[in-house]
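A short write-up of the structure that comes next.
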Amino acid sequence: DFIDENDYESALKVANKKHDLFGLRVYDRIQEELPNIGLVPFYDSEKDQMVMIDTSHKSTRDAYAKRSHEHRTKLYSQLRKAGIDFTNISTEDNYVKPLALSCKRLLEFSRFFTSLLCGLAHGHGGLGCGSGAEYHFGYK
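For the sequence shown, our numbering assigns the number 54 to the initial residue and increments by one for each residue that follows.
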């Protein structure tokens with residue numbers, strides 16, 4: 054869910070060097086903006102207690118939306134710095150199209166990267182080997 058107080062940018066970079074990572078953020082609109090519904094009980098994990106938040110105050114809702122936006126901005130920055138592609142999918146939307154587009158991007162990148170490595174391996178200085186299927190980089 055990418056909701057963590059700890060900075061995991063360095064861990065993402067290390068993991069992405071060894072594995073093909075893809076960030077998929079599934080979110081609900083309430084994670085980004087509080088509805089105006091009056092008093093709502095929330096669990097405060099730092100104090101280990103329930104607290105009442107008055108969502109009828111615009112300043113409360115605005116502060117919540119601002120923190121949510123800051124969190125997303127930081128997350129996207131960390132993923133980009135780590136070289137990880139990502140997509141967002143809302144629980145209110147159909148997930149098929151954004152997921153299919155993300156998979157298509159990954160497949161296109163994989164084909165390009167395979168072709169690039171194949172060309173380098175054969176001394177072409179870059180792209181080569183057609184689809185890249187002819188060269189398996191030591192794996193069968």
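Backbone N, C-alpha and C define an ideal beta-carbon position, used for all residues, glycine too.
Apart from the five residues just before and just after residue 62, which ones in its own chain have a Cβ nearer than 8 angstroms to its Cβ?
131, 134, 135
Helix, strand or coil: how does DSSP classify residue 143 here?
Of the three classes helix, strand and coil, the one that applies to residue 143 here is strand, per DSSP.
Mapping DSSP to helix, strand and coil, what is residue 45?
Residue 45 lies beyond the range of the chain shown here (54 to 193); nothing can be said about it.
Mind listing, in chain order, the continuous beta strand (DSSP E) runs of no fewer than 3 residues lying wholly within the region 57-134?
75-80, 92-97, 102-107
Given a cut-off of 9 angstroms, decide if residue 88 and residue 108 are closer than it, judged by their beta-carbon atoms.
Contact: yes.
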